[in-house]
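Notes follow the structure.
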Amino acid sequence: MNWQRAFTRLISRRQRQTSHAARLRRNGACRRAAAGALLALLFLSVFPLEARLKQFDVFLGYDGYIPEGNWFPLTFEVQNDGPTFEALIEVAPGQLGRGQIRRLRVELPTGTLKRFVLPAFCAARGYASWDIVVRDANGNKREEIKDLRPKQITQGRVPLFAAIPRSVGGMPKLPEIAQKQSYQQPQMARLAVELLPDNPIALEGLAGIYLNAEKALELKENQAKALLAWLAGGGHLVVGLHQPSDAAAVPWLRDLLPFQASGLRNHAGQRRLENWIEQTTPRTWALDNSLQEDYAAFSSLRRDAVFSQGDLAVVTGGAARGGQILLADGDLPLVISAGRGRGLVTVLTFSPETEPFRSWKSRAFFWAKVFDLPPAWFEKDEKKNQYSDYGGWSVDSVIGAIVDSRQVRKLPIGWLLVLLLGYLAVIGPLDQFVLRKINRPMLTWLTFPAYVLLFSGLIYLIGYKLRAGDVEWNELHIVDVMADGGGGAALRGQAFGSVYSPANARYPLESRLDFASLREEFSGSYGGGAFETTRSVVEQRGNNFVAEVAVPVWTCQLFAGHWWQHQRQPPLTAAVERQAGGYQVRVTNHLPRPLNPIRLVVDGRLENLGELAPQQTRTFTLPVLKGPKLEQRLAEMTDLFINAASHRRSALGSDEHVRPGREQVPDWVMCLSFANSHNEPQGHRRFSASRGFDLSAPARRGEAVVLAWMPNHLLAAPMNGAEFRPRRQQNDTLLRLVTPVN
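Note that the sequence shown covers residues 8 to 749 in my numbering.
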């Protein structure tokens, strides 16, 4: 029976071995599972899963339309249903990584829906895209939108309008131009009330806005303030009335409109509207100064029999607060207009969103008339069509030539040719002659690299002598002074700052004014490219900004800051009165610094008034205007501006006779403010600037413009702030005041 016991022990041993192996396998599996879980926790702690936002919507521009060379809004609607966190929204250009990076830091509480507006600047022509990323405080990506593109980028000289109608069917419509390119077509964008920016800088890309008076009730206080600031800065606001109580229910709108409503009447005034479109009228709200002053009217329109059958519901009343009746039928005003600051407000005493106006076949031409679009733009005959959208040189380039550092000098082309000929002579005939003389032709393997090193060092030494210097920051402020209606002043400034860097470096900039943002130089159509060129970073903090700008070695970079600020007392006031063929001008300097020179633009002439001491009031009597004609002076300056702008883009050539001297700077900047007043049909002799820079429109309307130069001082805080203290610095300010002629 021994073999049975041996067999039983063998079976027992095998069972124990199998059980032990199973336990080992189970323990190994548990250990592997634990290790995997540990690794997963470790991975999630380093690379956490993205907690996406419940809603992240981006509204680009004005209903998808963006104006070239102008500001536009980026509106974000964000809903966070997770834990509260601080979000950093980063907007980067999609075109080859060039341009500014804009950032907005906001707090997103749990369960909230928030809306933010970020002012942005479009420096591209025809095509642009942006990449948008949302990160938390740890740098984790929460949301991302790639290659966000606008519906259309309108050309810089083409006006862009927006409408806030009562209904979608009430949207204004503009005629189509003869050209087929969509970017040449004036556009009317629809804005929802909640998407109207509360920052006046973000509204500067619009030439005009139509507002249904009923919708004014829905505007928030900050939106209304931004709208009024945009209007005072040169915008055109058209308000349509539906009921007499529409304007009375909104205090700010009641005080703004040049019309006092009294009742409502049904009136058959359609024939007057059709006749008004066909009338030839002076251009008081010029959008293209290359056209004639009094243009031909829309005279080839067909009459609409259906439009004449119904009655218009017209709000009765009379002109008030400086209103001028542009169209009336008997004692019933239909269209009333009045200036407000540098802008214009127009009242339609009827609703353009109801019948029969809504179905009027010529209503597109009515809106073109109201917004003062030249009929020549829509002329089908190519011989009569005066539309030209292209052009020209950027005003930024001219200002850059004014404020750039004088430390940077350029090598004249003649000296460059001498260096080139000398290099060729040394490595060729001279080298061959010397080596043959000493009978060592094989030494050319040593002499040629030596010549290359020698001339490389010589070129570096020349470049160092021409371009090396100290860090320099020069800043020029162009400030528009406007009354705010309460005895104070609304100031809109454009600050142009140029930094010279002796090394590859980054410099901090900032502004703490009421509203402020920063952009890079816009090069325009003839400036060697339409994109912003450096990778600077601008972080919008509330309505202000802090920035870090990158400047390559031995170069100057121009940056432009746009800002709004309210003051209790205006820095400059003026009153202009017409007297017996001449003028009497009373100017008061409220600043503790002198203003010199002071000039007046009136009746198409540029008059020199002299200077003003600190806190001084002077009365200037001009029995006869003796100054040069503004258009003649601009014709003389245009070539200087073009030479300065084009030479600034060139790496070679002497700039001794191209840039203005210190004593010529005030004259240059003052004339540049009217650069588009000159009737210049050729695109390559025009200038492009962001809306609000050019003063041609108020001068054309017959208003007076006072220009005052404050040397060596700024009206607002400089953009270089407290952290950036250059060794060299130059500050100047030009004050611009538009005032009516009494």
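Built from N, CA and C at the ideal position, the CB exists for glycine as well.
Range of the contiguous alpha helix (DSSP H) that encloses residue i
i, result
"Gln230", "Glu228 to Ala239"
"Arg370", "Arg370 to Val377"
"Arg278", "Gln277 to Glu285"
"Gly399", "Gly399 -> no alpha helix (DSSP H), and no H or E assigned at all."
"Gln439", "Asp438 to Lys444"
"Ser530", "Taken as a continuous stretch (DSSP letters only), Ser530 belongs to no alpha helix (DSSP H), as it is neither H nor E."
8 Å contact criterion, which residue i and residue j should meet: CB distance rounded
i, j, result
"Leu181", "Ala375", "6 Å"
"Ser680", "Arg743", "6 Å"
"Ala214", "Leu167", "6 Å"
"Ala582", "Asn749", "7 Å"
"Leu233", "Pro258", "A small fix is needed here, since residue 233 is Ala in this sequence, not Leu. Actually they are not in contact, since the Cβ atoms of Ala233 and Pro258 sit about 17 Å apart, beyond 8 Å."
"Glu362", "Gly317", "6 Å"
"Gly634", "Asn615", "6 Å"
"Pro251", "Ile343", "Going by Cβ atoms, the distance from Pro251 to Ile343 rounds to 14 Å, so no, they are not a contact pair."
"Glu546", "Tyr507", "Contact flag wrong, Cβ pair sits at about 24 Å."
Close beta carbons around residue i, own chain, < 6 Å, minus the five adjacent residues each side
i, result
"Asp336", "Gly276 and Arg279"
"Thr595", "Thr580 and Thr624"
"Ala196", "Tyr69, Asp70, Tyr72 and Ala169"
"Arg585", "Val748"
"Gly163", "Glu75, Gly76 and Ser695"
"Gly531", "Trp400, Ser401 and Ser695"
"Tyr217", "Ala170, Pro179 and Val245"
"Val753", "With the chain covering only 8 through 749, there is no way to say anything about residue 753."
"Phe648", "Val405"
"Gln267", "Gly324, Gly325 and Ala327"
"Asp64", "Glu84"
"Val553", "Glu517 and Glu546"
Residue i in three-state terms, based on DSSP
i, result
"Pro419", "coil"
"Gly589", "strand"
"Pro559", "coil"
"Pro258", "helix"
"Trp367", "coil"
"Phe455", "helix"
"Ala196", "strand"
"Ser344", "strand"
"Gly407", "helix"
"Leu319", "strand"
"Leu461", "helix"
"Leu263", "helix"
"Gln737", "strand"
"Met449", "helix"
"Phe385", "helix"
"Leu742", "strand"
"Glu730", "coil"
"Glu517", "strand"
"Ala724", "coil"
"Ala510", "coil"
"Asp253", "helix"
"Gly68", "coil"
Contacts around residue i, its chain only, beta-carbon distance under 7 Å, and the 5 residues preceding and following it disregarded
i, result
"Ala475", "Pro509 and Trp561"
"Ala512", "Val558"
"Asp521", "Asn550, Trp571, Gln572 and His573"
Cβ neighbours of residue i in the same chain (closer than 8 Å, five flanking residues each side left out)
i, result
"Arg732", "none"
"Gly589", "Thr628, Leu629, Pro630, Val631 and Leu632"
"Asp438", "Thr451, Thr454, Phe455 and Tyr458"
"Gln159", "Gly71, Tyr72, Ile73, Ser189, Tyr190 and Gln194"
"Leu319", "Asn273, His274, Ala275, Gly276, Gln277, Phe357, Pro363 and Phe364"
"Leu442", "Pro448, Leu450, Thr451 and Thr454"
Start-to-end residues for the beta strand (DSSP E) that takes in residue i
i, result
"Arg272", "Phe266 to His274"
"Ala711", "Ala711 to Pro718"
"Asp336", "Gln331 to Asp336"
"Val478", "No beta strand (DSSP E) holds Val478; DSSP gives it neither H nor E."
"Pro604", "Leu602 to Val609"
"Pro747", "Pro747 -> no beta strand (DSSP E), and no H or E assigned at all."
"Gln805", "Look at the range of the chain in this structure, 8 to 749, and you will see that residue 805 is not part of it."
"Ile216", "Gly215 to Asn219"
"Val246", "His243 to Gly247"
Contiguous beta strand (DSSP E) assignments of at least 3 residues, all confined to the segment 621-706: DSSP runs (the beta strand (DSSP E)) wholly in the segment 621-706: 624-629.
Residue ranges of each beta strand (DSSP E) within the segment 99-184, 3 or longer: With a minimum length of 3 residues, the continuous beta strand (DSSP E) runs that stay inside the segment 99-184 are 108-115, 119-128, 137-142, 148-155, 159-161 and 167-171.
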